[in-house]
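In what follows, a structure is listed as structure tokens, so that the remarks can point back to it.
Chains as they are written, first to last, in my numbering: chain A, 8 to 581; chain B, 60 to 228.
Laid out in structure tokens, this is it:
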């Protein structure tokens with residue numbers, strides 16, 4: 008089949024089974040957009056900013072488990088993809104980014120809209136290709152998808168000069184990849200499993216510390232198997248949220264900076280810490296040298312470089328988590344069947360801590376409390392297939408604490424990079440991947456304006472999402488840090504002032520705008536928004552003074568959490 | 060502690076840049092670096108000299124190994140490898156002092172590769188330590204220009220096997 012390079016890109020996407028791509032056209036990618044106009048089975052969702060396209064592709068990938076595809080032109084189109092690429096790199100999201108490049112003859116001449124995007128993205132991609140011959144397109148595309156989704160998932164970039172999109176080739180899509188240097192682990196070492204199984208089964212105070220790798224590795228059923236086989240408590244990171252049903256009796260919350268105190272005490276006093284697709288991030292560990300000081304560490308990961316990167320592993324298990332957890336469950340069950348008891352006393356102790364140190368806030372005062380907002384949202388969505396996405400900041404942490412996630416791929420947040428503005432486009436991408444699910448973006452007012460233009464896409468491309476705006480009129484998390492660690496000097500965090508009018512803005516984008524000023528208005532508004540099959544922004548004005556607790560101040564030991572304190576009321580003396 | 064790491068890479072655009080970027084990004088320092096072809100067409104060898112504790116060395120190796128173009132990473136243990144480096148050095152030498160310099164270089168199996176009115180250029184191959192020694196002896200004469208390739212190494216036949224650093228799986 009004699010076709011041009013642009014058609015070859017589309018035929019490759021089709022051969023990979025890609026159903027949707029997110030992008031914006033521009034000069035250097037025009038031949039490929041022209042090929043789209045001539046016909047393809049791949050749906051194209053037109054974003055309004057390439058960053059939006061990238062986060063949509065991420066949201067799609069996270070919601071479906073398939074590879075997300077973003078497409079942009081050279082220069083600014085490509086640099087606008089850098090943030091989503093970095094985000095996907097940090098959170099191990101499989102992403103193929105296709106960028107146009109200036110003509111081969113112009114590369115290196117500072118041509119119009121030229122930038123060295125393979126150079127710029129080198130530290131934040133698994134691999135990248137600058138296609139130098141049209142004949143390479145099929146094999147490069149095949150390799151790109153293969154690398155993005157095998158081993159530890161992550162982003163790749165394919166940069167295609169315009170003349171190469173226009174040149175012709177005899178197209179045939181390869182059946183296999185030729186990547187002699189790319190050999191992600193496929194097996195699990197049986198001796199390591201035996202050792203791990205023994206230590207876990209015999210532990211008096213074990214904790215399963217579950218990260219996003221469990222979801223990426225499609226190992227959630229096996230995790231449930233392991234936890235139930237051993238009667239083992241599960242604590243899940245923000246990225247792992249949903250890997251384990253959060254209403255399950257063995258679920259014990261989330262670790263780290265804003266995790267509940269009971270979860271952090273359990274993590275830090277356990278005797279065997281089983282890290283599963285998790286990477287000892289500083290937001291989880293707090294001061295590393297003081298983290299889980301007495302614990303033997305069993306670390307399971309697909310990426311050998313994560314083992315002993317930050318915390319030395321006593322028992323490293325490298326390999327696909329699906330296989331590893333399944334084998335480990337069998338192993339632990341063997342010990343239980345042989346009479347090694349489950350850690351019942353330990354579970355009761357964590358239960359006690361949970362009772363002693365619950366998540367707390369005061370619902371006093373005139374303002375709607377963000378925590379109450381989350382509880383209401385949780386109550387209204389508990390039984391449905393709802394995908395939550397979030398921005399980054401206080402609202403994100405409240406969402407983590409209060410929105411219980413029962414299924415994998417139903418909570419999508421920017422963890423590692425902490426990208427404000429992630430929520431709205433990620434929600435749109437998730438909706439594109441799972442149109443039958445209700446998609447709710449819990450966003451902050453600071454985050455909202457970073458990517459709000461994508462609401463256009465939500466409306467016009469019929470990808471309705473509900474944006475629950477946790478509007479406190481501040482860059483809330485920064486404000487909280489200024490209040491707690493900078494003597495209350497508030498520096499450039501005030502977003503109040505009534506501009507923009509989010510209700511009108513929602514309407515201007517063709518969506519529905521709602522305003523919630525008081526608690527009693529909240530539930531009806533949420534009910535209505537969730538029932539509508541339209542893009543809705545609910546501007547919820549919440550208490551601007553509310554801080555997110557508990558909190559481990561950055562660099563402190565996790566055990567030294569700052570807790571919520573009831574406001575002390577001054578007794579009136581007569 | 061210093062270590063020599065030998066990395067076999069596919070001869071693809073950007074392969075060296077990816078390794079260099081990884082070192083920069085992860086905060087590892089490279090003391091010396093040499094790149095050249097190997098017995099296999101399309102495969103190059105990058106020899107890196109790094110100063111790292113064992114823990115960092117393991118991280119370096121694992122991170123290099125994750126790069127898609129990297130085929131093999133081995134550490135060349137000093138007692139199990141032959142390491143060599145090439146030095147080119149132009150040193151000030153009046154005609155009456157040439158003989159002394161040349162005889163010094165002969166002790167190091169060096170060769171004169173160029174002569175100027177007031178200078179001699181030597182070529183020397185040896186262990187990096189030998190080159191250091193010659194360099195020090197030449198220094199009092201006035202070194203005009205000096206260039207070294209950075210070390211390359213090969214495992215000895217007697218070495219048990221090329222020692223792969225990745226201890227895990």
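Backbone N, C-alpha and C define an ideal beta-carbon position, used for all residues, glycine too. Keep in mind it's a predicted model, so treat the numbers as computed, not measured.
Per DSSP, residue 111 (chain B) lies in no alpha helix (DSSP H) and is assigned neither H nor E. Inclusion of residue 429 (chain A) and residue 410 (chain A) in the CB contact set at 8 Å is not warranted, their separation being larger than that value.
Chain-order list of chain B residues neighbouring residue 188 (chain A): 68, 69, 126, 127, 128, 129, 130, by C-beta distance under 8 Å.
Look at the beta carbons and you see the region 504-511 of chain A touching the region 544-553 of chain A: at least three pairs across the two are nearer than 8 Å. Of A:129, A:356, A:192, the smallest CA-CA separation from residue 162 (chain A) is found for A:129. The bridge partners DSSP lists for residue 119 (chain A) come to none.
Considering only A:220, A:114, A:115, A:165, the residue with the shortest C-alpha distance to residue 416 (chain A) is A:220. Among the residues of chain B, those whose CB is under 9 Å from the CB of residue 137 (chain A) are 72, 73, following chain order. Under the 8 Å criterion on CB atoms, residue 117 (chain B) is classed as interfacial with respect to chain A.
No Cβ of chain B is located within less than 8 Å of the beta carbon of residue 97 (chain A).
Using a Cβ-Cβ cut-off of 8 Å, residue 76 (chain B) is close to 126, 129 of chain A, given in chain order.
In the three-state reduction of the DSSP assignment, residue 162 (chain A) falls in the strand class, which pools E and B. Distances from the alpha-carbon of residue 116 (chain B) to those of B:211, B:101, B:136, B:130 put B:136 closest. Rounded to whole angstroms, the separation of the alpha carbons of residue 145 (chain A) and residue 15 (chain A) is 7 Å. The beta carbon of residue 84 (chain B) sits closer than 8 Å to some beta carbon of chain A.
Along the region 282-315 of chain A, going in chain order, the ones with a CB nearer than 8 Å to a CB of chain B are 310, 311, 312, 314, 315. In its chain, beyond the 5 residues on either side, 79, 106, 122, 124 have a beta carbon closer than 7 Å to the beta carbon of residue 85 (chain A). Nearest in C-alpha terms to residue 167 (chain B), of all of B:193, B:93, B:149, B:114, is B:193.
Residue 440 (chain A) is positioned such that its CB atom lies closer than 8 Å to that of residue 71 (chain A).
A direct Cα-to-Cα measurement between residue 299 (chain A) and residue 216 (chain A) gives close to 11 Å. The Cβ of residue 330 (chain A) sits no closer than 8 Å to any Cβ of chain B. With respect to the C-alpha of residue 65 (chain B), the residue from B:86, B:94, B:85 having the closest C-alpha is B:94. Distance from the CA atom of residue 350 (chain A) to the CA atom of residue 168 (chain A), rounded to whole angstroms, is 60 Å. Contact annotation: residue 353 (chain A) and residue 211 (chain A) have beta-carbon atoms nearer than 8 Å. The C-alpha of residue 239 (chain A) is placed about 51 Å away from the C-alpha of residue 82 (chain A). No Cβ-Cβ contact shorter than 8 Å links residue 92 (chain A) with residue 60 (chain A). Put simply, the CB of residue 554 (chain A) is far from chain B, with every gap to its CB atoms at 8 Å or more. With contacts defined as CB atoms closer than 8 Å, residue 383 (chain A) and residue 533 (chain A) qualify as a contacting pair.
A Cβ-Cβ separation of about 5 Å places residue 178 (chain B) in contact with residue 149 (chain B) under the 8 Å criterion. The C-beta of residue 122 (chain B) comes closer than 8 Å to at least one C-beta of chain A. By the Cβ test, the region 480-496 of chain A is not in contact with the region 514-523 of chain A, since fewer than three Cβ pairs between them sit closer than 8 Å.
DSSP places residue 200 (chain B) within a helical segment (H, G or I) once states are collapsed to three.
Contacts with chain A at 8 Å (Cβ-Cβ) do not include residue 106 (chain B).
In the three-state reduction of the DSSP assignment, residue 184 (chain B) falls in the strand class, which pools E and B. Spanning the alpha carbons of residue 475 (chain A) and residue 458 (chain A) requires a straight line of approximately 14 Å.
When the Cα atoms are used, residue 466 (chain A) and residue 54 (chain A) turn out to be separated by approximately 11 Å.
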